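Contents: one structure, followed by commentary.
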Amino acid sequence: MSRVLTSLDELAKLPPQPLLLLYSGGLDGTYFLKWAQNHTIRIVALRVAIGDGTNSFAEANANYFGAEYIEIDASQEYYQEFLPAAIHADALYQNMFPISSSLTRPLIARVACRAARERGIDCVGHTATWKQNSAVRLSASLMAQDSDLVIASPFVRSHIPREAKLRSLQEEGLDFCDDPYSIDTTPWARVIESGPLEDPRVPPAEDVFRWTRPVENITADSVEIRLKFDRGLPCGMNGESASLEQIVNVLNDIAGLHGIGRYSGLEDTPFGFKSREVREAPAAAVILAGHKALANATIPPDEYSVRSYLANEWTVLAVHGRWFSHLARCLRECLAALDVPVSGEVSILLQPGIANVRSVDAPGCFCHSSLAMPLDEAIASFDVGPWLAMRSLSDMHTREI
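Quick note: the sequence shown uses full-length UniProt numbering, first residue 1, plus one each step.
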């Protein structure tokens, strides 16, 4: 079973061995590189790129502290496996905002385990703090992938203020801006937390946002888009075939210009308290709106009800770091199967702050006007009385009791 080291003191006592560090170039990871160099721990810094290309800043910082730097692009896995699962589930955490890092953390862990095995490394580390759900998501995913790993999660119990880390790196001449926010960016969402955002009574400042414009400043005309789905996944836009990656990139730009996809909410943490997060997810807002409308039109009521329950259960598992659990895998397969009839085209009007679904065109639509069967004639020849009586039998029985 995996051994988990949750403090810098524990890590310092580890026998000499290389450590593969999940590294994005951020403040926490770079501070750890300095600490590791001071404790003569050999680091292989791994950055997993998901739709954002290379990062010369991260590579330069890793090299500065004597770490070997490797970068692996996992965009293809993300768009083929991880993001589709979220779309099939209409994955909104607490029914409020699109999940984001819950999708990338298990992917990063899987890539890290492959890289560690290839290099004969038995210890994999990350720098998530105890306040961040990523600490659980990464550690749990690493353990699920390789139960023999030593997992280093030193900032879970070793608390070092962000300001102290910043000063330490500035003393090295490294150019880290004095930004109070912690930001995690994926193709599906840009998530911002910490600093002034920790107080839910304070509205987020406008400088927090990068992908979306404030609604009051939007001068662009409303624009209508046509989004095509096949088996529950986007496959075209405005009459042209396109990959999921292309559609996400285009919609992030277009919907962001219309101020669509701003979310603010409190996320539960493993320790019971809530952490405020602000996120921008323009493409997610549009795609999920279209997917929900098409699913509602093409899935029978009983299946739709079960699907909604299963989707919520899967979303909770993903958020809690259980992507690789047997239950989560079964739910993903079931949700994809339930989405088989979800094919067609949705027309969505992008207005300031709103993605408004205007029409649905689907071969399998259950709408009265879409069915080939002449329902008016069928109902006229059907004795509805006994059926209505049976439908209300339980209500009549309850009234008599």
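Note that CB positions come from ideal geometry on N, CA and C, so glycine has one too. These numbers come from a predicted model, not from an experiment.
Nearest neighbour of Ile87 by Cα position, chosen from Asn312, Arg114 and Ala109, turns out to be Asn312. For the 8 Å CB-CB criterion, Ser24 and Glu224 do not form a contact.
Rounded to the nearest whole angstrom, the CA to CA distance from Arg137 to Leu388 is 50 Å.
Note that the C-beta distance between Leu5 and Ala112 is not below 8 Å.
As the crow flies, the alpha-carbon of Ala62 is around 7 Å from that of Leu33.
In this structure, the CA atom of Gln94 is about 42 Å from the CA atom of Gly173.
The UniProt domain "Arginosuccinate synthase-like N-terminal" (20-172) contains, as complete alpha helix (DSSP H) runs of 4+ residues, the segments 27-38, 56-64, 83-88, 101-119, 134-145 and 162-170 (chain order). With fewer than 16 other CB atoms across the displayed protein chains lying within 10 angstroms of its CB, Phe271 is exposed.
Straight-line spacing of the CA atoms in Ser243 and Pro234 works out to 8 Å. Of the residues Ser134, Gln37 and Phe65, the one whose Cα lies closest to the Cα of Leu103 is Ser134. In this chain, Arg329 is not harboured by any beta strand (DSSP E); it is covered by the alpha helix (DSSP H) spanning His326 to Leu338. A residue is called buried when at least 16 other Cβ atoms come within 10 angstroms of its Cβ; Gly232 meets this threshold and is buried. With distances taken between CA atoms, Ala164 lies nearest to Pro180 out of Gly385, Leu149, Val156 and Pro180. If you draw a 10 Å sphere on the C-beta of Val340, you find fewer than 16 other C-beta atoms in it, and that means exposed.
The shortest C-alpha to C-alpha distance from His126 to any of Pro300, Leu11, Val286 and Gly195 is the one to Leu11.
Beta-carbon to beta-carbon, Gly259 and Val208 are separated by about 14 Å, too far to satisfy the 8 Å threshold. Looking only at Arg262, Leu350, Tyr64 and Val48, the smallest Cα-Cα distance to Phe97 is reached by Arg262. The beta-bridge partner set that DSSP reports for Ser264 consists of Val278. Contact between the region 37-55 and the region 182-190 is present: three or more C-beta pairs spanning the two stretches fall below 8 Å.
Taking C-beta atoms as the reference points, Arg119 and Val44 count as a pair closer than 8 Å. With fewer than 16 other CB atoms across the displayed protein chains lying within 10 angstroms of its CB, Val306 is exposed. With a cutoff of 8 Å on beta-carbon distance, Ile121 and Ser139 are scored as not near each other. Ile72 is not a Cβ neighbour of Ala318, given a cutoff of 8 Å. Short of 7 Å from the beta carbon of Pro200, and not among the five residues preceding or following it, lie these beta carbons of its own chain, in chain order: Leu266 and Arg276. Contact between Leu27 and Arg162 holds: their C-beta atoms lie close to 7 Å from each other, under 8 Å.
Cα atoms of Lys292 and Phe366: separation of roughly 14 Å, rounded to the nearest angstrom. A residue is called buried when at least 16 other Cβ atoms come within 10 angstroms of its Cβ; Ala109 meets this threshold and is buried.
With contacts defined by Cβ atoms closer than 8 Å, Ala255 and Ala355 form a contacting pair. In the DSSP assignment, Val191 forms a beta bridge with Asp184 and Arg279. Counting only residues of its own chain and dropping the five nearest sequence neighbours on each side, Asp146 has a CB closer than 7 Å to the CB of Cys113.
Counting of Cβ neighbours within 10 angstroms places Thr30 among the buried residues, the total reaching 16 or more. Apart from sequence neighbours up to five positions away, the residues of its chain that approach Gln170 with a beta-carbon distance below 8 Å are Phe176, ordered along the chain. Going by beta carbons, Ile299 and Leu338 fall inside the 8 Å limit.
In the same chain as Ala85, and ignoring 5 residues on each side of it, the C-beta atoms closer than 6 Å to its own belong to Arg332, in chain order. Assignment of Ser305 by DSSP, reduced to helix, strand and coil, places it in the helix class. Assignment of beta-bridge partners to Val360 by DSSP yields Val346.
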